Amino acid sequence: MSTVARQIPTQDFQISRISDALGAEVVGLDLSVPLTDDAFEQLRDALQVHHLLCFRDQSNLSDEAQLAFTRRWGELEVFPEADKTKSETTVYNVANVSADGKHLGPDDNQSVYQKVNARWHTDSSYRYIPSFASIMLGVEVLPDEAKGGETEFSNMLLAYDTLSDEMKAQIEPLHMVHYYEFGRRLFSQLPPITPFEREVVPPTCHPLVRIHPDRGGRRSLFFTTNAGNEVSGMTLEEGQALHRKLASHASRAEFCYRHRWQPFDLVMWDNRVLLHRAKHYDMARYRRVFRRTTVAGAGPIVGPFTRIQQ
Ligand code: OGA
Ligand code: MN
Numbered sequence: 027m028s029t030v031a032r033q034i035p036t037q038d039f040q041i042s043r044i045s046d047a048l049g050a051e052v053v054g055l056d057l058s059v060p061l062t063d064d065a066f067e068q069l070r071d072a073l074q075v076h077h078l079l080c081f082r083d084q085s086n087l088s089d090e091a092q093l094a095f096t097r098r099w100g101e102l103e104v105f106p107e108a109d110k111t112k113s114e115t116t117v118y119n120v121a122n123v124s125a126d127g128k129h130l131g132p133d134d135n136q137s138v139y140q141k142v143n144a145r146w147h148t149d150s151s152y153r154y155i156p157s158f159a160s161i162m163l164g165v166e167v168l169p170d171e172a173k174g175g176e177t178e179f180s181n182m183l184l185a186y187d188t189l190s191d192e193m194k195a196q197i198e199p200l201h202m203v204h205y206y207e208f209g210r211r212l213f214s215q216l217p218p219i220t221p222f223e224r225e226v227v228p229p230t231c232h233p234l235v236r237i238h239p240d241r242g243g244r245r246s247l248f249f250t251t252n253a254g255n256e257v258s259g260m261t262l263e264e265g266q267a268l269h270r271k272l273a274s275h276a277s278r279a280e281f282c283y284r285h286r287w288q289p290f291d292l293v294m295w296d297n298r299v300l301l302h303r304a305k306h307y308d309m310a311r312y313r314r315v316f317r318r319t320t321v322a323g324a325g326p327i328v329g330p331f332t333r334i335q336q
């Protein structure tokens with residue numbers, strides 16, 4: 027039997043840090059071409075260290091190629107919710123522009139859904155199994171002279187580490203209630219959620235302290251401000267007061283990185299350890315279009331009181 031030499035393609039690219047708090051930029055990699063195993067491992071390690079990767083210049087990336095890249099990281103998250111922002115159930119159209127290219131006014135429901143994203147959150151936290159990572163391509167981004175329109179990220183590992191011992195002790199046993207309907211309460215002009223949505227994404231509770239088994243048990247804060255503000259086991263007022271404190275802590279500049287989008291940046295972020303929010307911009311004046319895919323989480327959130335099955 028003859029041996030055929032197999033050509034192993036190499037992919038040369040550079041990864042460099044983009045802020046003190048989090049994030050790295052990846053230059054020289056075309057994600058429309060399938061990744062070698064070696065390249066994928068480098069990216070996986072980089073995501074674990076930096077929590078966010080920004081791949082520059084991905085203008086060749088089709089929906090299918092973005093889905094294929096997303097699948098390298100795990101199962102796709104499917105969106106049964108009918109909130110009218112996506113073109114199909116695995117590809118989200120994050121935009122103030124309709125699927126057929128029409129610029130929608132700031133009061134159009136689709137634009138209002140974008141405003142829900144302006145509060146600190148982590149994607150799909152209202153599910154029993156929240157997502158692992160989101161992957162978003164900047165298809166139409168704001169021009170340089172426009173104000174706002176960035177996406178800001180905050181590092182919840184750092185946020186947890188810098189809490190006072192007293193606060194750490196207070197939140198140790200606590201859970202936050204996360205529910206999809208909360209976004210509708212913020213903007214009363216939005217239609218109510220459907221009975222189907224009520225059934226597929228019922229309210230759920232997650233520990234405020236998240237333990238990361240893949241980081242030797244390191245802890246982070248885990249909460250959201252767009253899918254609830256109530257803390258289980260506290261009165262509404264006490265829970266909301268604690269929630270406000272945590273939200274203000276998460277906004278501290280030293281945990282944050284604000285991403286100013288360049289056309290066809292593909293940004294991937296780790297929802298397990300980051301919060302993010304969209305910065306306001308003039309929706310009537312500017313078009314802003316992203317295509318988002320999402321990697322599903324591997325299991326429920328592990329907290330200080332979770333019994334881990336051996
Ligand atoms: C999202 C999101 C942020 C933005 O799509 O989940 O939070 O800047 N987007 O549009
Ligand atoms: Mn989001």
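Residues 27 to 336 in the numbering used here are what the sequence shown spells out, letter by letter. The beta carbon of each residue, even a glycine, is placed where N, CA and C say it ideally should be. Here the structure is a predicted model, which is why all the values come from computation and not from measurement.
{"Query": "Taking Thr320 and Asp149 to be in contact with their CB atoms under 8 angstroms, please state how far apart those CB atoms are, rounded to whole angstroms.", "Result": "6 angstroms"}
{"Query": "Based on Cα-Cα distance, which residue from Ile219, Leu183, His285, Asn297 lies nearest to Gly242?", "Result": "Leu183"}
{"Query": "Check for me: the alpha helix (DSSP H) holding Asp296 runs from which residue to which?", "Result": "That residue, Asp296, is in no alpha helix (DSSP H); its beta strand (DSSP E) goes 292-296."}
{"Query": "Since Pro233 sits in a beta bridge, which residues does DSSP pair it with?", "Result": "His201"}
{"Query": "Under 7 angstroms from any heavy atom of the ligand MN, does the C-beta of His238 make it?", "Result": "no"}
{"Query": "Name the DSSP beta bridge partners of Arg284, please?", "Result": "Glu178"}
{"Query": "Go to Val52, then tell me how far its beta strand (DSSP E) extends in each direction, as first and last residue.", "Result": "50-53"}
{"Query": "In terms of residue numbering, what span does the beta strand (DSSP E) encompassing Tyr118 cover?", "Result": "117-121"}
{"Query": "From Tyr312 to Asp134, what does the alpha carbon distance come to, in whole angstroms?", "Result": "14 angstroms"}
{"Query": "List the whole-angstrom C-beta distance separating Met162 from Val293, where the pair is believed to meet the contact cut-off of C-beta under 8 angstroms.", "Result": "5 angstroms"}
{"Query": "Is the distance from the Cβ of Phe95 to the Cβ of Leu55 below 8 angstroms?", "Result": "no"}
{"Query": "Spatial neighbours of Leu272 within its chain, please: CB distance less than 7 angstroms, with the 5 preceding and 5 following residues excluded, ordered by chain position.", "Result": "Leu247, Phe249"}
{"Query": "So, helix, strand or coil for Glu171, using DSSP?", "Result": "coil"}
{"Query": "I need the DSSP call for Ser274, collapsed to helix, strand or coil.", "Result": "helix"}
{"Query": "Whose C-beta lies closer than 7 angstroms to the C-beta of Phe316 among residues of the same chain, with five residues either side of it excluded?", "Result": "Val120, Ala121, Met162, Leu163, Gly164, Val165"}
{"Query": "When the Cα of Asp64 is compared with those of Gln37, Asn143, Tyr139, Tyr152, which residue comes out closest?", "Result": "Gln37"}
{"Query": "When the Cα of Phe281 is compared with those of Ser42, Phe39, Gly49, which residue comes out closest?", "Result": "Gly49"}
{"Query": "Looking at the structure shown, is Glu90 part of a helix, part of a strand, or coil, going by DSSP?", "Result": "helix"}
{"Query": "So for Gln266, helix, strand or coil by DSSP?", "Result": "helix"}
{"Query": "Where does Gln215 sit, in a helix, a strand or coil, going by DSSP?", "Result": "coil"}
{"Query": "On the DSSP bridge list, what partners appear for Leu247?", "Result": "Val235"}
{"Query": "Is it the case that the Cβ atoms of Gly40 and Val53 are separated by a distance below 8 angstroms?", "Result": "According to the sequence displayed, residue 40 carries Gln and not Gly. The answer is yes: Cβ separation under 8 angstroms."}
{"Query": "Under a three-way DSSP split, which group does Glu67 fall into?", "Result": "helix"}
{"Query": "Closest to Val123 by C-alpha separation, out of Gln288, Gln84, Trp287, Val167, would be which residue?", "Result": "Val167"}
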